[in-house]
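Okay, so here's the structure we're looking at.
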Amino acid sequence: MKQIRNIAIFIPHLGCPFRCCFCQQQKISDTMHYPSPAQVKESIEAALHTISSDTDVEVAFFGGTFTSIPEKMQNDYLECARPYLENEQIKGIRISTRPDAIDKDRLRELERRGVTTIELGVQSLDEEVLRLSGRGYEPEQVVEACRMIHNTSIRLGIQLMVGLPGDDLHRDLETTRQSIELAPDMVRIYPTLVIKGTELEQAYREGRYLPMTLEEAVEVTAAMYVRFRRADIPVIRMGLHPSEELQQSDTVVAGPFHPAFGELVLQKVALEQARFLLKAYLPTAASNQALILFCPPREYSQLVGPQRSNISILKREFGLDALDVNSDPGLQPGSIGVGNYQGMMAVLPREQYLQSIE
Ligand code: SF4
Numbered sequence: 001m002k003q004i005r006n007i008a009i010f011i012p013h014l015g016c017p018f019r020c021c022f023c024q025q026q027k028i029s030d031t032m033h034y035p036s037p038a039q040v041k042e043s044i045e046a047a048l049h050t051i052s053s054d055t056d057v058e059v060a061f062f063g064g065t066f067t068s069i070p071e072k073m074q075n076d077y078l079e080c081a082r083p084y085l086e087n088e089q090i091k092g093i094r095i096s097t098r099p100d101a102i103d104k105d106r107l108r109e110l111e112r113r114g115v116t117t118i119e120l121g122v123q124s125l126d127e128e129v130l131r132l133s134g135r136g137y138e139p140e141q142v143v144e145a146c147r148m149i150h151n152t153s154i155r156l157g158i159q160l161m162v163g164l165p166g167d168d169l170h171r172d173l174e175t176t177r178q179s180i181e182l183a184p185d186m187v188r189i190y191p192t193l194v195i196k197g198t199e200l201e202q203a204y205r206e207g208r209y210l211p212m213t214l215e216e217a218v219e220v221t222a223a224m225y226v227r228f229r230r231a232d233i234p235v236i237r238m239g240l241h242p243s244e245e246l247q248q249s250d251t252v253v254a255g256p257f258h259p260a261f262g263e264l265v266l267q268k269v270a271l272e273q274a275r276f277l278l279k280a281y282l283p284t285a286a287s288n289q290a291l292i293l294f295c296p297p298r299e300y301s302q303l304v305g306p307q308r309s310n311i312s313i314l315k316r317e318f319g320l321d322a323l324d325v326n327s328d329p330g331l332q333p334g335s336i337g338v339g340n341y342q343g344m345m346a347v348l349p350r351e352q353y354l355q356s357i358e
């Protein structure tokens, strides 16, 4: 399957019924104002020049509640993409919206006008987390919104957040379990950040909100990632895109921001998989003093971890004198092998590891 590339058009807070406590779209997207239809066309034209013709492209309206903006404006935006749909330069249109902002008639109209993917800002399926975060809808409304989208040809994306007020690991895993039951075509997971100018900043400064540490956020996101992948649901993004504005020193007041958050999560998953493999392998090994882990070349940095921390952790935990990592182009993506200088003795494919997770 070809990669889908989005031409992102940001419409910061357009259509939003109110500002959610954690949200500051201007800073997240580096975009101060929503564009006119003419500017949308210009952005599409400019982006198409940079994208190779063998990539599937969607025009994506992000950063607001698309289905709550005035209907004429929705249609004007969708019309901007129509010529590119008709000449097949783009494959579809993607919008993001809230679960309580869609109904059957609107969905039918969106489908007719070329919308192929809807990303729902679900954030959590825990009643209390939704209430404490002031989202303004109940979990049942999310379930109903997903059901309605599944009754169309439109693909469903779900956006989730970890570390919201009232959230914890148990609630995140329960949200993950319920989200899998909703059968989304894709998922994004974002750690909650305290962004300047939000209600959450106020709560944080008054001691009413404590953000997750980076380590906690990586751990819970990794636990969610492996469960979605076991269910064969793609996780298309973990962590906010590190826009210039977001990386400025005073934009993120507190919280687990890291410009390569998703990579940290994949490194954590690789660590857990290697740990599982070594636990199974070591009792059968002739000598456990000097071992080699093997992985596909493109996954080398995931396996060794940041500053080779995965290797140090595994060496210490398993009492090894030496633990090297070799890349092996013959390994399937996600596989980790173990052996010694004579060669690879055992392999743990990612699918097999995912099945072992409780
Ligand atoms: S989280 Fe979504 S609904 Fe809430 S303010 Fe941000 S863009 Fe609008």
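Take 1 as the starting number for the sequence shown in this note's numbering and just add one per residue. Note that the Cβ used here is the ideal one computed from N, Cα and C, for glycine as well. All values derive from a computational prediction rather than experimental measurement.
Contact under 7 Å by Cβ, residue i with residue j
i, j, result
"Ile388", "Ile118", "Not covered by the structure: residue 388. The range shown for the chain is 1 to 358."
"Ala145", "Pro99", "yes"
"Met371", "Pro256", "The chain is shown from 1 up to 358; residue 371 falls before or after that span and cannot be answered."
"Thr50", "Arg5", "no"
"Phe10", "Phe66", "no"
"Ile7", "Ile44", "yes"
"Phe22", "Leu200", "yes"
"Val218", "Val265", "yes"
"Leu193", "Val252", "yes"
Integer-rounded CB distance, given that residue j should sit under 8 Å from residue i
i, j, result
"Asp126", "Arg94", "Contact doesn't hold; Cβ gap of about 26 Å is too wide."
"Val235", "Arg229", "7 Å"
"Leu362", "Leu291", "The question about residue 362 has no answer here: the residues shown for the chain are numbered 1 through 358."
Range covered by the alpha helix (DSSP H) that runs through residue i
i, result
"Thr360", "Because the chain spans 1 through 358 in this model, residue 360 falls outside it and cannot be assessed."
"Phe359", "Past the boundaries of the shown model lies residue 359; the chain is included only from 1 to 358, so the question cannot be answered."
"Glu119", "Per DSSP, Glu119 belongs to no alpha helix (DSSP H); it is in the beta strand (DSSP E), Val115 to Gln123."
"Ser356", "Counting along the chain, Ser356 falls outside any alpha helix (DSSP H), and DSSP gives it neither H nor E."
Cα-Cα separation between residue i and residue j, rounded to whole angstroms
i, j, result
"Thr31", "Ala285", "56 Å"
"Ile114", "Tyr341", "Checking the displayed sequence, the identity of residue 114 turns out to be Gly instead of Ile. Looking at the two C-alpha atoms, the distance is approximately 56 Å."
"Gly239", "Ser124", "16 Å"
"Leu182", "Gly337", "34 Å"
"Tyr281", "Glu351", "18 Å"
"Glu111", "Asn75", "12 Å"
"Tyr353", "Val226", "9 Å"
"His241", "Phe261", "9 Å"
"Ile28", "Thr176", "24 Å"
"Pro83", "Gly92", "11 Å"
"Gln25", "Arg19", "10 Å"
"Glu377", "Leu164", "Nothing can be reported for residue 377, as the shown portion of the chain is limited to 1 through 358."
"Glu109", "Val40", "20 Å"
"Ser96", "Gly64", "7 Å"
"Arg298", "Glu263", "12 Å"
Residue i: first and last residue of the uninterrupted beta strand (DSSP E) it sits in
i, result
"Arg87", "Here the sequence assigns Asn to residue 87, which means Arg is not the residue at that position. Unbroken run through Asn87: none, as it is neither H nor E."
"Met345", "Gly343 to Leu348"
"Gly339", "Ile336 to Asn340"
"Tyr190", "Met186 to Pro191"
Inset, instruction - Please specify which runs of the alpha helix (DSSP H), each continuous and at least 4 residues long, are wholly inside the stretch 130 to 159, giving them in chain order. - result: Runs of the alpha helix (DSSP H) inside the stretch 130 to 159: 139 to 150.
Legend entry - beta strand (DSSP E) segments (min. 3 residues) lying fully within the stretch 17 to 52: none
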